[in-house]
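Count the sequence shown with this note's numbering and you get residues 2 to 206, in order.
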Amino acid sequence: MDVKSAVFVTSSTDYKKCPQPDKPEYAFIGRSNVGKSSLINMLTNRLKLAKVSSQPGKTQTINHFLINNQWYLVDLPGYGYAKTGKKMRETWASFINGYILNRENLYCLFILIDSRHEPLAIDMEFITWAGTNQVPLALVFTKSDKLSARQLEEKITIYQERLLEVWEELPPIFVTSSEKVQGRDEILEFIAEANRAEYNSLLKT
2 MDVKSAVFVT SSTDYKKCPQ PDKPEYAFIG RSNVGKSSLI NMLTNRLKLA
52 KVSSQPGKTQ TINHFLINNQ WYLVDLPGYG YAKTGKKMRE TWASFINGYI
102 LNRENLYCLF ILIDSRHEPL AIDMEFITWA GTNQVPLALV FTKSDKLSAR
152 QLEEKITIYQ ERLLEVWEEL PPIFVTSSEK VQGRDEILEF IAEANRAEYN
202 SLLKT
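Structure representation (structure tokens):
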């Protein structure tokens with residue numbers, strides 16, 4: 002897929018105030034400081050589409066970007082930022098969960114994982130929660146350039162083994178590096194294929 006245009010549309014703190022659900026949506030979420038903004042900028046080939054910050058918790062709203070005038074890329078707040086006050090964390094959790102569980106045109110939730118770490122409880126809990134609620138999801142391992150090929154394979158294998166303890170089938174997995182522009186084509190093709198499949202299903206109805 003060639004990203005010809007990427008335009009910011011709106012920020013929301015309530016899924017009911019998001020754009021009309023008339024286009025496919027692909028949302029990105031992960032633990033704070035996982036490299037989400039850098040990944041979004043890499044995917045869209047825009048240096049400053051999503052704001053990159055060294056301070057975790059920068060994204061605090063549901064941010065919609067219209068891609069090629071055909072589908073929405075959605076930037077969700079990160080989870081697990083301990084320095085955020087309890088009340089603010091609860092507020093974020095409420096509108097994030099509301100969006101994920103109720104947004105009818107959410108085709109896939111991309112859950113980002115820092116590939117340098119072994120499975121963290123907060124990531125495993127969120128992945129399990131999404132799976133239990135039958136949210137269509139994919140896992141995106143970020144910062145792969147920080148590891149050797151062998152280290153990266155070992156980390157991903159550990160995640161796969163942990164997931165298979167409770168999952169019958171693994172979700173799609175992507176390995177990315179914003180620095181090396183790794184994984185961009187694979188994720189964009191996955192999105193393009195999902196859009197084509199939905200379009201073809203509409204033609205048959």
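The beta carbon of each residue, even a glycine, is placed where N, CA and C say it ideally should be.
Whole-angstrom distance between residue j and residue i, CA atom to CA atom
i: Glu217; j: Asp15; result: Look at the range of the chain in this structure, 2 to 206, and you will see that residue 217 is not part of it.
i: Ser54; j: Asn34; result: Unreliable positioning characterises Ser54 in this predicted model, as indicated by a pLDDT of 49, which lies under 50. A coordinate reading is not provided.
i: Gly58; j: Met2; result: At Gly58, the pLDDT of 48 sits below 50, so the modelled position is not reliable; the number obtained from the coordinates is stated separately. Between Gly58 and Met2, the C-alpha separation is close to 30 Å.
i: Gln71; j: Tyr100; result: 20 Å
i: Leu113; j: Arg32; result: 7 Å
i: Ser6; j: Ser179; result: 19 Å
i: Glu166; j: Asp23; result: 37 Å
i: Ala150; j: Gln21; result: 43 Å
i: Asn134; j: Ala94; result: 15 Å
i: Phe127; j: Gly36; result: 17 Å
i: Trp168; j: Asp124; result: 15 Å
i: Gln40; j: Ile192; result: The sequence given here has Leu at residue 40, not Gln. When rounded, the distance between both Cα atoms is 15 Å.
i: Leu48; j: Ser38; result: 10 Å
i: Ala139; j: Pro172; result: 5 Å
i: Leu102; j: Glu155; result: 32 Å
Residue from the options with nearest C-alpha to residue i
i: Asn46; options: Gly132, Leu138 and Arg185; result: Arg185
i: Leu148; options: Leu138, Glu119 and Glu170; result: Glu119
i: Phe111; options: Cys19, Leu44 and Ser13; result: Leu44
i: Asn98; options: Asn70, Ala51, Ile192 and Gly132; result: Gly132
i: Gln61; options: Ser178, Leu102, Asp76 and Leu67; result: Asp76
i: Tyr27; options: Leu48, Val141, Met125 and Val167; result: Val141
i: Gln161; options: Ile174, Tyr80 and Arg151; result: Ile174
i: Pro137; options: Ile123, Ala122 and Leu107; result: Leu107
i: Gly79; options: Tyr73, Ser39, Ile30 and Ala51; result: Ile30
i: Arg104; options: Asn196, Lys18 and Thr129; result: Lys18
i: Gln152; options: Asp115, Ile123 and Leu171; result: Asp115
i: Phe96; options: Asn69, Gln183 and Asn64; result: Asn64
i: Arg163; options: Gly36, Asn42, Ala122 and Ser13; result: Ala122
i: Thr11; options: Ile159, Tyr73 and Leu48; result: Tyr73
i: Leu50; options: Val182, Ser145 and Val8; result: Val8
i: Pro25; options: Thr129, Ile68, Thr143 and Ile159; result: Ile68
Identified DSSP bridge partners for residue i
i: Glu170; result: DSSP lists no partner for Glu170.
i: His65; result: Thr11 and Val75
i: Ser116; result: Answer is none; Ser116 lacks a bridge partner.
i: Thr143; result: Asp115
i: Tyr27; result: Leu74 and Cys109
i: Tyr80; result: Arg32
i: Ser179; result: The partner list for Ser179 (beta bridge, DSSP) is empty, contrary to what the question assumes.
i: Leu138; result: Leu110
Beta-carbon gap between residue i and residue j smaller than 7 Å
i: Ser145; j: Val182; result: no
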